[in-house]
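K.L.:
Going line by line, the protein sequences match chains A and B.
Plus 2 on top of the position in the first sequence (first one is 1) and you've got my numbering.
Plus 2 on top of the position in the second sequence (first one is 1) and you've got my numbering.
By construction, the Cβ of each residue, glycine as well, lies at the ideal position given by its N, Cα and C atoms.
Number of protein chains: 2
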Amino acid sequence: MDDFSPRLKLWVESGGRLVMSDYRVRLLELVGESGSLAHAAEQMGLSYRRAWGKVKELEANLGLALVQSEVGGAGGGHTVLSEEGRALVAAYRRFQERMARELDVAFREEVEGVLGGGTGPPGGAPLP
Amino acid sequence: MDDFSPRLKLWVESGGRLVMSDYRVRLLELVGESGSLAHAAEQMGLSYRRAWGKVKELEANLGLALVQSEVGGAGGGHTVLSEEGRALVAAYRRFQERMARELDVAFREEVEGVLGGGTGPPGGAPLP
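(1) Between the segment 17-37 of chain B and the segment 56-67 of chain B, do three or more beta carbon pairs fall short of 8 Å?
(2) Quick one: which unbroken alpha helix (DSSP H) runs of 4-plus residues sit fully inside the segment 84-121 of chain A? Chain order, please.
(3) Beta strand (DSSP E) containing S23/A: first to last residue?
(4) On a CA-only basis, which of L66/A, V116/A, E61/A and S16/A is nearest L68/B? Give me that one, please.
(5) F6/A to S38/A, Cα distance in whole Å?
(6) What in chain A is Cβ-close to E15/B, meaning under 9 Å?
(7) Helix, strand or coil for S16/B per DSSP?
(8) So, L32/B versus L66/B, is the Cβ gap smaller than 8 Å?
(9) Beta carbons nearer than 7 Å to chain A: which residues of the segment 90-102 of chain B have them?
(10) Only counting the same chain, and skipping five residues up and downstream in sequence, which positions put a Cβ closer than 8 Å to that of L48/B?
(11) Alpha carbon to alpha carbon, how far is L105/B from Y94/A?
(12) In the segment 60-84 of chain B, which residues sit with their C-beta less than 9 Å from some C-beta in chain A, listed in chain order?
(13) Out of A92/A, R103/A, R96/A and Q98/A, which one is the CA nearest neighbour of F97/B?
(14) Which residues of chain A have a Cβ atom closer than 7 Å to the Cβ of E31/B, listed in chain order?
(15) Expressed to the nearest angstrom, what Euclidean distance is found between the alpha-carbon atoms of S84/B and Q70/B?
(16) Are the CB atoms of V21/B and N63/B within a distance shorter than 8 Å?
(17) Could you give the residue range of the beta strand (DSSP E) that holds V57/B?
(18) Identify the contact partners of A108/A in chain B, using a Cβ-Cβ distance below 7 Å as the criterion.
(19) Using alpha carbons as the reference points, say which of H80/A, S16/A, V14/A and G18/A lies closest to A43/A.
(20) Give the secondary structure of A127/B by DSSP, where H, G and I count as helix, E and B as strand, and everything else as coil.
Laid out in structure tokens, this is it:
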């Protein structure tokens with residue numbers, strides 16, 4: 003029997019331009035987890051150069067300093083999230099989680115009944 | 003000053019396949035408003051054939067009879083929504099409206115403060 007799953011994509015615009023997205027926040031989050039932009043870039047399938055560009059673009063779009071880099075040293079440089087960067091990732095994750103919860107509740111309460119709840123015969127349950 | 007606007011896109015999958023979307027429901031809604039698939043197709047920039055295919059695909063995906071067509075007559079045929087079609091459009095609209103409300107509330111409550119509320123100097127307000 004069909005099982006219907008609602009999905010959503012979130013992003014943020016400013017002046018009609020994309021300034022923040024699930025994808026970009028995921029990149030930041032990976033920087034925070036690994037302490038390495040090179041590692042975060044690799045996990046996202048991006049070149050280092052492109053990942054760096056995306057982080058700098060995000061900073062410019064939001065007017066926030068999101069990462070702090072230290073170059074050189076024995077193990078090469080590393081990149082960590084600034085306090086603002088950590089706050090932004092955490093805030094965006096809370097935003098995503100609230101939306102995901104409402105997605106499931108609203109779909110179940112508003113739409114699923116019309117689809118026969120996914121348990122009726124083909125053609126759906128008769129409507130009232 | 004930057005003004006940040008959250009955006010969302012909604013769709014429904016079944017078995018990993020797209021079965022319903024804002025776009026497809028808009029097509030159905032236009033059929034309901036105009037009583038004409040030709041008119042609805044034109045407003046969506048689709049050929050009649052392609053619009054018809056989308057409606058039939060939606061019916062197959064959902065297992066519902068969404069439209070009723072009558073061919074011929076002086077003014078050509080016309081297409082109207084079935085009771086199930088009207089119920090589906092109304093349910094999906096309620097779903098979209100709930101999600102749009104939560105989008106604004108959750109973004110304001112979770113994210114906007116980190117962005118300086120859009121009223122601070124470039125660089126954003128200092129974080130606590």
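P.N.:
The structure says:
(1) With a cut-off of 8 Å, the segment 56-67 of chain B and the segment 17-37 of chain B count as touching, because enough Cβ pairs lie within range.
(2) Runs of the alpha helix (DSSP H) inside the segment 84-121 of chain A: 85-108.
(3) For S23/A, the enclosing beta strand (DSSP E) stretches over residues R19 to S23.
(4) The closest CA to that of L68/B, considering only L66/A, V116/A, E61/A and S16/A, is found on V116/A.
(5) So the alpha carbons of these two residues sit roughly 39 Å apart.
(6) Against chain A, a Cβ distance below 9 Å from E15/B picks out F6, S7, P8 and R9.
(7) DSSP, read as helix, strand or coil, puts S16/B in strand.
(8) Taking 8 Å as the Cβ cut-off, L32/B and L66/B do not qualify as a contacting pair.
(9) Taking 7 Å as the upper bound on Cβ-Cβ separation, chain A lies near residues L90, A93, Y94, R96, F97, R100 and M101 of the segment 90-102 of chain B.
(10) Setting aside the 5 residues that flank it on each side, L48/B is surrounded in the same chain by L29 and K56, each with a C-beta closer than 8 Å to its C-beta; the list follows chain order.
(11) The alpha-carbon of L105/B is positioned some 12 Å away from that of Y94/A.
(12) Using a CB distance below 9 Å, the part of the segment 60-84 of chain B facing chain A consists of N63, L64, G65, L66 and A67, ordered along the chain.
(13) The residue with the shortest Cα to Cα distance from F97/B is R103/A.
(14) By Cβ distance, chain A contributes nothing, its closest Cβ being about 14 Å from E31/B, past 7 Å.
(15) Taking the straight line joining both Cα atoms gives about 6 Å.
(16) Here N63/B is near V21/B, since their CB atoms are less than 8 Å apart.
(17) Where V57/B is concerned, there is no enclosing beta strand (DSSP E), although the alpha helix (DSSP H) it sits in stretches over Y50 to L64.
(18) Chain B residues near A108/A: F97, R100 and M101.
(19) Measuring from the Cα of A43/A, the nearest candidate turns out to be H80/A.
(20) In this predicted model, A127/B has a pLDDT of only 44, less than 50, meaning its place in the structure is not dependable enough to derive any value.
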